[in-house]
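Notes follow the structure.
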Amino acid sequence: MGLLEAGVAVVHGKLVENFRMPSAEDAYYETLIVPGFSDGHAHPQVVDGGLRDGRLWRDSYDWLERRELAVDEARVRRDLSISQRLATLSLLRGLLEGTTLMALTGRLLANVKALLSLRRRPRAVLLPTVMDRAGWTLEEVREDYARASYLVSDGLARMGIFVHSLRLAGESTVREAIRIAARSGAVLGLHLGEGVSEGERFRAIFGNPPYSLRIVPVHCIDDDMSSLGLSCVACPATNVMLYGRTRRDLSGISAFGSDWPLLIGTTPVHLPLMIKAYRDSPLLILRSATVGGYRLYNVPHDGDYVAYDESLEEVLRGRASPRLVVVNGEAAVREGRLVEGGHDRESLLKMIEETIGEALELYGNGYSASRILREHQEAFSRWAEWQGSP
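To convert, take the position in the sequence shown, counting from 1, and add 1181; that gives this note's numbering.
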């Protein structure tokens, strides 16, 4: 038995200097984060957000109706091989960036197969997306749901259902999703208040707390869910990129999500914007970005941590890459490389571009992967110019 030491550790959002804990071997790092980062909302099959010419939308429904995508999302989702590879790359990118828990929406079977293909992987919450559109209906999800529950019963994953939104899923669909999730002890997530207030509509369907199941709303720009007894997953990066604004304080927010992990990275990469957007202590932000997601989804975190050779200040500035990432007591990243496969972040980003390129070649309208990634990185980089909500 060895000893892991760190000059500074952030343990459940609390700062601890000269930290020590038992480890399989002796090691010293400048900074340790316990547990690792949680990405509370990730769409692993999204290969284009429809960002063109710096345009901003009023709300999520305006964006969904008017965006111009470079790819046929439905056909990408139906292609199980590509969907699985995109999900696998999302999980691996998460690990290399220090994300030890990911809540995955999208196609259930593809996400399950991605998880099962990896021995070293983040913990996961599987939230198949449901809405009243062909390919997304609750009946289609139900076919794989029970089977998937048995396949991921290893303690590193839990099940859920993700109702896309209250306008794209009718009341009968939402109520049936509630029944399925409650009966199986699963989580129910949904986009809510993404540029438009939906609190009253939510209350009309779900009623008042306490609820019969764990409900996790996502975005909540225009609704403070604490008034309904709930906590939200905020996605400040995509909020700013799509709408030019995000919620300005942490009230009602317990966790953070990336939305588009393949295009803009997972939660740890977004720390600079979180620090800028929320006028709270960086330690409070780190608590939400790490243990907050675990608690919100009721996922265990024993044996999860991330270690850096750089200072905590560099981690918060987004300038540090983890040297060691441990999930459930097993190292998934060592010396900045995946234990399984040996890839570093640079080589994995190349694989991501190649796989997005394949999706675009099969189901796209002529855009290249490099152009898609450049557009999203440019929008992501405009954080530096963002002055906050009007």
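Ideal Cβ placement from N, Cα and C applies to all residues, glycine included. Computed from a predicted model, the values in this text were never measured in an experiment.
{"Query": "Residue 1401 beta carbon less than 8 angstroms from that of residue 1433", "Result": "yes"}
{"Query": "Inter-stretch contact (C-beta, 8 angstroms, three-pair minimum) for the stretch 1248-1255 and the stretch 1271-1286", "Result": "no"}
{"Query": "Residue ranges of each alpha helix (DSSP H) within the stretch 1250-1304, 4 or longer", "Result": "1254-1259, 1261-1278 and 1289-1297"}
{"Query": "Per-residue DSSP class, three states only, for residue 1372", "Result": "strand"}
{"Query": "Beta-carbon spacing of residue 1534, residue 1505 below 8 angstroms", "Result": "no"}
{"Query": "Bounding residues of the beta strand (DSSP E) (the contiguous stretch that carries residue 1339)", "Result": "1338-1344"}
{"Query": "Separation of residue 1453 from residue 1189, as counted between CA atoms", "Result": "19 angstroms"}
{"Query": "Start-to-end residues for the beta strand (DSSP E) that takes in residue 1219", "Result": "1218-1223"}
{"Query": "At least 3 beta-carbon pairs within less than 8 angstroms: the stretch 1372-1390 vs the stretch 1231-1245", "Result": "yes"}
{"Query": "Bridge partner(s) assigned by DSSP for residue 1214", "Result": "1191 and 1487"}
{"Query": "In DSSP terms, what residue 1197 is bridged to", "Result": "1190"}
{"Query": "Host beta strand (DSSP E) of residue 1506 (start-end)", "Result": "1505-1508"}
{"Query": "Coil, strand or helix - residue 1571 by DSSP", "Result": "For residue 1571, the pLDDT reaches just 42, beneath the cut-off of 50, and the residue's location in the model is therefore unreliable, although a value from the coordinates is still provided. The answer is coil: DSSP assigns residue 1571 none of H, G, I, E or B."}
{"Query": "Distance CB(residue 1486)-CB(residue 1472) smaller than 8 angstroms", "Result": "no"}
{"Query": "Secondary structure of residue 1501, DSSP reduced to three states", "Result": "coil"}
{"Query": "N-terminal and C-terminal residue of the beta strand (DSSP E) that residue 1400 is part of", "Result": "1395-1400"}
{"Query": "From 1403, 1356 and 1347, residue whose alpha carbon lies closest to that of residue 1429", "Result": "1403"}
{"Query": "Nearest-angstrom Cα separation, counted from residue 1448 out to residue 1230", "Result": "17 angstroms"}
{"Query": "Cβ-Cβ distance between residue 1469 and residue 1431 below 8 angstroms", "Result": "yes"}
{"Query": "Assigned exposure category for residue 1309 - 16 Cβ within 10 Å defines buried", "Result": "buried"}
{"Query": "Reduced DSSP secondary structure (H/G/I, E/B, other) of residue 1625", "Result": "Outside the shown range of the chain, which is 1182 to 1571, sits residue 1625, and nothing can be said about it."}
{"Query": "Cβ distance (whole Å) where residue 1332 is taken to contact residue 1295 below 8 angstroms", "Result": "Not quite, the Cβ-Cβ distance comes to about 12 angstroms (not below 8 angstroms), so this is no contact."}
{"Query": "Per DSSP, the bridge partner or partners of residue 1413", "Result": "1434"}
{"Query": "Residue 1232 and residue 1560 closer than 8 angstroms at C-beta", "Result": "yes"}
{"Query": "Backbone CA spacing between residue 1571 and residue 1340 [nearest angstrom]", "Result": "With a pLDDT of only 42 at residue 1571, under 50, the local geometry of the prediction cannot be trusted, and the value read off the model is given with reservation. Taking the straight line from one Cα to the other gives about 38 angstroms."}
{"Query": "The stretch 1436-1447 in contact with the stretch 1208-1223 per 3-pair CB rule at 8 angstroms", "Result": "yes"}
{"Query": "Nearest-angstrom Cα separation, counted from residue 1265 out to residue 1318", "Result": "20 angstroms"}
{"Query": "Spatial distance of residue 1421 from residue 1206 (CA atoms)", "Result": "43 angstroms"}
{"Query": "Residue 1388 in three-state terms, based on DSSP", "Result": "coil"}
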